[in-house]
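K.L.:
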Amino acid sequence: MSQDKPDLRNLSEPVRFKRALTLLLMTLLLPGSAQIVAGSKRAGRWAWRVIAGIFAILVFVIVLSLVWRAGAINLMVSPKTLRFLQIALIVLAIGWAALFVDAYRLGRPLTLERRHRLTASILDGVLVFLVVGALIWGSTIVSSQRDFVASVFGNGKKSEADKGRYNVLLLGGDSGADRIGTRPDSITLASVDANTGRTVLIGLPRNMAKVPFPDGTPMAKQFPDGFKWADCAENCLLNGVYTFADGHKQLFPSDPNPGVTATKQAVEAITGLKVSYHVLIDLAGFRDLLNAVGGITLDVGKRVPIGGIGSPIKGYIETGKNQHLDGYHALWFARSRAGATDYERMTRQKCVMTAMLNQLSPQKVLTKFQGIAKASKKVVNTDIPSGELGTFTDLALDAKKLPVSSFSAVPPLIRTSNPDFELIRSKVAEAIGKSEALDKATDDGDGKSANTPSSTPVKKPSTSADPGKTSSTPSKPGNDVDDVASICKA
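For the sequence shown, this note's numbering assigns the number 412 to the initial residue and increments by one for each residue that follows.
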């Protein structure tokens, strides 16, 4: 303290008490200001430089997010950035705590009455606890995100959009003690427009037979006439491709995940689309993920059994609008097979996917991130590189504003026991063409809304016995749906 500082003993005790409290509050609102006013101006200026630097970084990130949202997200989820932020938050917590302690010292607590000194001490302790606790909590969130990105996403090869689209294969299945999704229970290809995020879900039934493989691949050499019972003598259906390839690793030398590779190749041959990436989801762990985000809300048009097919029915998910389902019930809604066809179940799965897309806001993900990260590490396996997180998060935010269309390769159009793969490929191309036409019409400035184009009428989905009600679980879902949400209403 320099010699020109006023002697606080000349001030009345109430004034000294107010001064002590003011210094603490100044440190809360503008760290370093108490030192500028009553202490080391050098320390205060350093604190202000740090604040200015933080403010400049925030402005930079905000501006970047406005001009290049994907780039801003990629920057913020980079493991290097997250490590720097984690350390910075801890250092900031220590520095801010030191400023509070110094502000308490500058308040000259020994010159205060006992009760006032006790009040100032308690306030200082509470402020240190709140501010430091918040920053340390923030550092644990950042640490969880860094661990999540490192565990789930890798440094794999970036796949460029094919003909302006990212085609992501979504596989869902049960995991064993040391594997995930050995026999996919759910197979969906999400074809996403690389510019607009508009998405087409292509549903492929797990019981599709005689599936082909691209020329030159190991599976094509093994099964030149398709994956048929006469040749494989196991589960010779689409969901058995994963199992076969995983059990014949010698066909895929140096490939760490032959099951995924073979399944991706089969889907490419079936749909005529190049698969960019895959996401493999453990359906049992999916329950924990849904619980972490607080569940989803769905319209249920038909009672869905819980259990059955080899186990007793334990109950039902009852019909009704705006049914809030926790992870357990949402998983059974997506998986239940009792009293339903595989094709009906595929429809329910699309409803769950659409609900998650529409209901998982960035705010919810942020506030529940630790639970999501913890669950996702056990749920998701993907070859999407961490450097592409920004791209797909950006597309997902755009996709929330647009209807999701779909094509399902199921009866009556497609016979799964003897599929017409040329017809499937033409229908997939048609569904994607219709989806892209919506954006083209909007870009051409013809005044039509992308959500309600007059040139593309929405097909009405198949319904239950009541012709006046649209069911979320139709017994014969349509092959073509322009808005998946239309079949997910009770």
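Note that the Cβ used here is the ideal one computed from N, Cα and C, for glycine as well.
With burial defined as no fewer than 16 other Cβ atoms inside 10 Å of the residue's Cβ, what is the status of W743: buried or exposed?
P.N.:
In the sequence shown, the residue the question calls residue 743 occupies position 332. Classification of W743: buried, given that the 10 Å Cβ count is 16 or more.
K.L.:
For the beta strand (DSSP E) containing K713, name the first residue and the last one.
P.N.:
In the sequence shown, counting from the first residue as 1, residue 713 sits at position 302. Note, K713: premise wrong, no beta strand (DSSP E); not H, not E.
K.L.:
In the DSSP output, which residue or residues are listed as bridge partners for V622?
P.N.:
Counting from one through the sequence shown, the residue named residue 622 turns up at place 211. Beta-bridge pairing links V622 to F638.
K.L.:
Which of helix, strand or coil does DSSP assign to I728?
P.N.:
Sequence index remark: in the sequence shown, residue 728 carries index 317 (1-based). Strand.
K.L.:
How many whole angstroms separate the CB atoms of A852 and L615, which I take to be in contact at a CB cut-off of 8 Å?
P.N.:
For this step, residue 852 is matched to residue 441 along the sequence shown. For this step, residue 615 is matched to residue 204 along the sequence shown. Their Cβ separation, rounded to whole angstroms, is 29 Å, which puts A852 and L615 out of contact at 8 Å.
K.L.:
Leaving out the 5 sequence neighbours to the left and right, which residues in its chain are closer than 8 Å to R494 when beta-carbon positions are compared?
P.N.:
For this step, residue 494 is matched to residue 83 along the sequence shown. So the qualifying residues of the chain are R557.
K.L.:
Are the CB atoms of V839 and L684 within a distance shorter than 8 Å?
P.N.:
Counted from its first residue, the sequence shown places residue 684 at position 273. Counted from its first residue, the sequence shown places residue 839 at position 428. Going by C-beta atoms, L684 is nearer than 8 Å to V839.
K.L.:
What do you reckon, are the CB atoms on D535 and L600 nearer than 8 Å?
P.N.:
By one-based count along the sequence shown, residue 535 stands at place 124. By one-based count along the sequence shown, residue 600 stands at place 189. The answer is no: Cβ separation not under 8 Å.
K.L.:
Determine which residues share a DSSP beta bridge with A601 and list them.
P.N.:
Within the sequence shown, numbered from 1, the residue matching residue 601 stands at position 190. In the DSSP output, where bridge partners are listed per residue, A601 has V579, L612.
K.L.:
Just to confirm my understanding: we take T802, look at its own chain, exclude 5 residues before and 5 after, and list those with CB closer than 6 Å. What are they?
P.N.:
By 1-based counting over the sequence shown, the position of residue 802 is 391. Once the five neighbours on either side are set aside, the close Cβ partners of T802 are A481.
K.L.:
When we look at the beta-carbon of I831 and count the other beta-carbons within 10 Å, is it buried (16 or more) or exposed?
P.N.:
Within the sequence shown, numbered from 1, the residue matching residue 831 stands at position 420. Position check: residue 831 holds Asp in this sequence, whereas Ile was assumed. Result: exposed.
K.L.:
Taking 8 Å as the threshold, find out whether the segment 701–720 comes into contact with the segment 728–738 through three or more Cβ pairs.
P.N.:
Yes, the segment 701–720 touches the segment 728–738.
K.L.:
Give the secondary structure of L496 by DSSP, where H, G and I count as helix, E and B as strand, and everything else as coil.
P.N.:
The residue you call residue 496 lines up with position 85 of the sequence shown. Helix, per DSSP.
K.L.:
Which residues in the same chain as K429 place their Cβ atom closer than 6 Å to its Cβ, once the five residues preceding and following it in sequence are excluded?
P.N.:
In the sequence shown, counting from the first residue as 1, residue 429 sits at position 18. Counting only Cβ-Cβ distances below 6 Å, and skipping sequence neighbours, we find nothing.
K.L.:
Taking the Cβ atom as the reference point for each residue, do S602 and I825 lie within a distance shorter than 8 Å?
P.N.:
Walking along the sequence shown from the start, residue 602 turns up at place 191. Walking along the sequence shown from the start, residue 825 turns up at place 414. Not a contact, by the Cβ cut-off of 8 Å.
K.L.:
Which runs of the beta strand (DSSP E), 3 residues or longer, sit entirely within the segment 648–687?
P.N.:
Whole beta strand (DSSP E) segments, 3+ residues: zero.
K.L.:
Could you tell me if F920 is buried or exposed, where buried requires 16 or more neighbouring beta carbons within 10 angstroms of its beta carbon?
P.N.:
A question about residue 920 goes unanswered here, because the residues of the chain that appear run from 412 up to 901.
K.L.:
Which residues in the same chain have their Cβ closer than 6 Å to the Cβ of S550, if we skip the five residues on either side of it in sequence?
P.N.:
Here the question's residue 550 lines up with position 139 in the sequence shown. Once the five neighbours on either side are set aside, the close Cβ partners of S550 are Q497, L500, I501.
K.L.:
Can you list, in chain order, the residues of its chain with a C-beta nearer than 7 Å to that of F663? Leave out the 5 residues immediately preceding and following it.
P.N.:
Residue mapping note: residue 663 aligns to position 252 of the sequence shown, counting from 1. So the list reads P629, A656, P669, T672, once near-sequence residues are dropped.
K.L.:
Report yes if the CB atom of G637 is closer than 8 Å to the CB atom of E645, and no otherwise.
P.N.:
Position 226 of the sequence shown, counting from 1, holds the residue named residue 637. Position 234 of the sequence shown, counting from 1, holds the residue named residue 645. Against a cut-off of 8 Å, the Cβ pair of E645 and G637 comes out as no contact.
K.L.:
Would you mind sorting A463 into buried or exposed? The rule is 16 or more other CB atoms within 10 Å of its CB.
P.N.:
Within the sequence shown, residue 463 is the residue found at index 52, counting from 1. Exposed: under 16 other Cβ atoms inside 10 Å.
K.L.:
Answer with buried or exposed for E847, where buried requires no fewer than 16 other C-beta atoms within 10 angstroms of its C-beta.
P.N.:
By one-based count along the sequence shown, residue 847 stands at place 436. The residue in question, E847, is buried, as its Cβ has 16 or more Cβ neighbours within 10 Å.
K.L.:
Would you decide whether D604 is buried or exposed? Buried here means 16 or more other CB atoms lie within 10 Å of its CB.
P.N.:
As a first step, residue 604 is located in the sequence shown; it is residue number 193 there, counting from the start. Buried.
K.L.:
Between the segment 561–575 and the segment 536–548, do three or more beta carbon pairs fall short of 8 Å?
P.N.:
With the cut-off at 8 Å, the segment 561–575 and the segment 536–548 do not touch.
K.L.:
Checking the sheet assignment: what are the DSSP bridge partners for H735?
P.N.:
Sequence index remark: in the sequence shown, residue 735 carries index 324 (1-based). Answer is T708.
K.L.:
Whole-angstrom Cβ separation of V690 and V579, contact assumed at under 8 Å?
P.N.:
Here the question's residue 690 lines up with position 279 in the sequence shown. Here the question's residue 579 lines up with position 168 in the sequence shown. Yes, V690 and V579 are in contact; Cβ-Cβ is about 6 Å, under 8 Å.
K.L.:
Closer than 6 Å by C-beta to G879: which residues in its own chain qualify, once you throw out the five before and the five after it? Chain order, please.
P.N.:
On the sequence shown, position 468 is the one that residue 879 refers to. Residue placement at G879 is poorly supported in this model, since its pLDDT is 33, which falls under 50; the coordinates still yield a value, given next. So the list is empty, once near-sequence residues are dropped.
K.L.:
Locate the alpha helix (DSSP H) running through S444, then write down its first and last residues.
P.N.:
Indexing the sequence shown from 1 puts residue 444 at position 33. Note, S444: alpha helix (DSSP H), 444–449.
K.L.:
So that I know if they touch, is there some Cβ in chain B lying closer than 8 Å to that of G506?
P.N.:
Chain labels in this structure do not include chain B; a single protein chain is all it has.
K.L.:
Can you find the residues in the same chain that come closer than 7 Å, C-beta to C-beta, to P442, ignoring five residues on each side of it along the sequence?
P.N.:
As a first step, residue 442 is located in the sequence shown; it is residue number 31 there, counting from the start. Hits under 7 Å: A458, I462, W507, L510.
K.L.:
Considering only the beta carbon of each residue, do L523 and A531 sit closer than 8 Å?
P.N.:
Residue numbering aside, residue 523 sits at position 112 when the sequence shown is read from its first letter. Residue numbering aside, residue 531 sits at position 120 when the sequence shown is read from its first letter. For L523 and A531, yes; Cβs fall inside 8 Å.
K.L.:
Per the DSSP calculation, F818 is bridged to which residue(s)?
P.N.:
Translated into the one-based positions of the sequence shown, residue 818 becomes position 407. According to DSSP, F818 bridges with I613, D891.
K.L.:
What are the partner residues of D573, as DSSP defines its beta bridges?
P.N.:
Within the sequence shown, numbered from 1, the residue matching residue 573 stands at position 162. D573 is bridged to R576.
K.L.:
To the nearest angstrom, how far is the alpha carbon of I468 from that of S476?
P.N.:
To locate residue 468, count along the sequence shown from 1; it is residue 57. To locate residue 476, count along the sequence shown from 1; it is residue 65. In a straight line, the C-alpha of I468 is about 12 Å away from that of S476.
K.L.:
Report back the beta-carbon spacing between A810 and L771 to the nearest angstrom; my notes put them in contact at under 8 Å.
P.N.:
Working through the sequence shown from its first residue, we reach residue 810 at position 399. Working through the sequence shown from its first residue, we reach residue 771 at position 360. About 11 Å; that fails the 8 Å criterion.
K.L.:
Based on DSSP bridge pairs, tell me the residues matched to H689.
P.N.:
Against the sequence shown, residue 689 aligns to sequence position 278. For H689, which the question treats as bridged, DSSP gives the partners L580.
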